[in-house]
Amino acid sequence: MSLHLYNTLTNKKELFKPIQEDYVRIYSCGQTIYDDVHVGNARTYSAWDILNRYLKWKGYDVFHIMNITDVGHLTDDADQGEDKVEKAAKKEKLEPMELVTRQILLFYKEIEKLNIDFADIYPRATGHMVEMIEAVKKILKHGYAYEKNGTIYFNVMKFEKDYGYPVLGGRKLEDLLAGEGGRVSEDELKEKNSHYDFALWIKADKGHMMKWPSPWGEGYPGWHLECSVMSTKYLGKVFDIHTGGIDHIFPHHPNERAQNITMNKTDEEPIKYWLHSDFITVNGEKMSKSKGNFYTIRELLEEYEPEAIRTLFASTHYRSQSDFSISSLEEAEKKLERLRNTIRKAKESKGGDKDNLLRAIENVKNEFEDAMDDDLNTPLALSKLIQFTGKINNNLDSKPNILDEAVITLEELAGILGIDLSEKREKSQDAAPYIDFILEIREKLRKEKLYSIADEIRDELQKKGLAIEDTEEGARWYIKGKT
RNA sequence: GCUGGGGUGACAGAGCGGCUAAUGUGACCGCCUGCAGAGCGGUUUUCCGAGGGUUCGAAUCCCUCCCCCAGCUCCA
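Under my numbering, the first residue of the first sequence is numbered 2, with each subsequent residue one higher.
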């Protein structure tokens, strides 16, 4: 089997074939950078990280762009209301760009902690104002936009007539018509030719801070525009994969696609595969700030290991809604522990002369790849790894080189899922000689059968976060869980 | 209302036409251990929302119904 991905553009799994043989160009919708990264964001980025790693493992060169929206995302609907960045900045009495800088730095740190590979470029909307204005000009010139009082709207009806409005996720334009009905304000309707039209460039109201001069007066770009402009700039008019959250199936991505087509005037489908990851719920409810059921990565990392979070993410398929709870995270911790325990045992084993593990290594590689080829079935892939740990544990008397290979395989495959199994840099390295010393004394007590004192020592060390295991060759210890 | 995705053992979560329906967790019992831990073995008696249909054969396909979630407003 070879890699198949579920394409929201066609609503089916398709064989993945990049435009260029060994080179894959990916654009990911990143985040509007006014707030901390939460589990939901992280889950999505984790999914694309796995996609990237897997493609690389398969031998492709991957060029990955993830945008950072630092202007143009409004609190109300697409075309009115306050800019989110500006609003958040005002609240904290910061310059908008000051807030953005702070949040970006935090974003990078957390992405790194979560073992999410950095994208090759993180372009920012504010850095592409010139290109965005040029894009609006092009779309106007090509006849798919019109101006009303300094605001430029995209003409969806005309686009629909000429190209067919993108049907992402099985939706049709008519479906969106009244919808749940008139959330569109009177003012807006007055200006727009059609209810579906969206703004490319928005005239700045008085007091709007984030604005730029343009041929149509001072204004700022519409939300969708940056993605079209930046993807075209860095990836070209036609590229392979576009990712994003399920919420972008409408309206962001169809609009973005319409812009790509009309500004670049391509007859070819500009983006071959659209991938969307589903949302996370918290204890069965949609995660939202108003409900207070919001987990930021920052707070989770205070108590849990990033590897546990990645294990949790890998435990559900990216296109399934997954319910986040502390107990699910703790369950993921246990899976992680199992993986680590096996590696520890294998590394400590002296080995023997068996070689039937060889076949298990071959099998797990194949099974893992089959699972991943099927639209990145990470839960299945992970279960194969866990099955493999059983095989290793049953064959700790294998030839040392085979044991080594088993460990390398396990680490490599888990790594594709973003789960780093390499040994932790032990924080208490300095304490190691003392711990060893204490355990030597404890060993003497055990030989004297002074078990109550020995057990007391063990309990105390365990309370401090160490795992103590007695073996024939004496006690072993390691740092358990979060260091 | 419309659109999409779902309902699988105590729980999480694969499977989507055909071996006794993965895997993990939990519970229980063994092995190991001074006791634990980790690990290993076993058990958890017929888990596929309901009802029809197609088929030699369905959790898997079709129809009807019930229920859940999300989207249709900014959102990963």
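We put the CB at the ideal spot given by N, CA and C, even for glycine.
All of these numbers come straight from a predicted model, not from anything done at the bench.
Beta carbon of I242, beta carbon of I27: below 7 Å? Against a cut-off of 7 Å, the Cβ pair of I27 and I242 comes out as a contact.
Within its chain, find whatever has a CB closer than 7 Å to the CB of I122; leave out the 5 residues flanking it on each side and keep chain order. Within its own chain, the residues whose Cβ lies closer than 7 Å to the Cβ of I122, once the five positions on either side in sequence are excluded, are I66, Y235, listed in chain order.
CA-CA distance, R258 and K464? Approximately 56 Å, taken between the alpha carbons.
Does the Cβ of S129 have 16 or more other Cβ atoms within 10 Å, making it buried, or fewer, making it exposed? According to the sequence as given, residue 129 is His; it is not Ser. Buried, since its Cβ has 16 or more Cβ neighbours within 10 Å.
Environment of T9 [buried if 16+ CB atoms lie within 10 Å]: Counting other Cβ atoms within 10 Å of its Cβ, T9 reaches 16 or more and is therefore classed as buried.
Quick one, are the C-beta atoms of I153 and L201 less than 7 Å apart? yes
So, under 8 Å CB-CB, S321 and D279 are touching, yes? Tell me the CB distance rounded to an integer number of Å. 6 Å
List, from N- to C-terminal side, the alpha helix (DSSP H) runs of 4 residues or more that fit wholly inside the segment 215 to 254. Complete alpha helix (DSSP H) runs here, min 4: 226 to 236.
Roughly how many whole angstroms lie between the Cα atoms of T11 and Y274? 9 Å
If you count every other CB in all the chains shown that lies within 10 Å of the CB of I403, and 16 or more means buried, which is it? buried
Under 8 Å: do the segment 15 to 24 and the segment 58 to 72 share three or more Cβ pairs, one atom per stretch? yes
Using only alpha-carbon positions, find the residue among K348, I247, D84, N265 that is nearest to C30. I247
E300 - DSSP class collapsed to helix/strand/coil: Three-state result, E300: helix.
Short Cβ contact (7 Å threshold) for I203 with G223: yes
Go to Y274, then tell me how far its beta strand (DSSP E) extends in each direction, as first and last residue. 272 to 278 is the extent of the beta strand (DSSP E) around Y274.
Check whether L4 and D371 have beta carbons under 7 Å apart: no
Cβ neighbour criterion (16 or more within 10 Å) applied to L6: buried
Count the C-beta pairs between the segment 309 to 316 and the segment 353 to 372 that are closer than 8 Å, then say yes if the count reaches three, no if not. no
Three CB pairs or more closer than 8 Å across the segment 341 to 353 and the segment 393 to 400: yes
Among A43, I51, E15, the one whose alpha carbon lies nearest that of T379: Checked all of A43, I51, E15; the closest Cα to T379 is I51.
What does a CB cutoff of less than 8 Å around I387 pick up in its chain, not counting 5 residues either side in sequence? If you ignore the 5 residues before and after I387, its C-beta comes within less than 8 Å of the C-beta of K336, R339, L340, all in its own chain and listed in chain order.
Based on DSSP bridge pairs, tell me the residues matched to W202. In DSSP, W202 forms a bridge with I153, P222.
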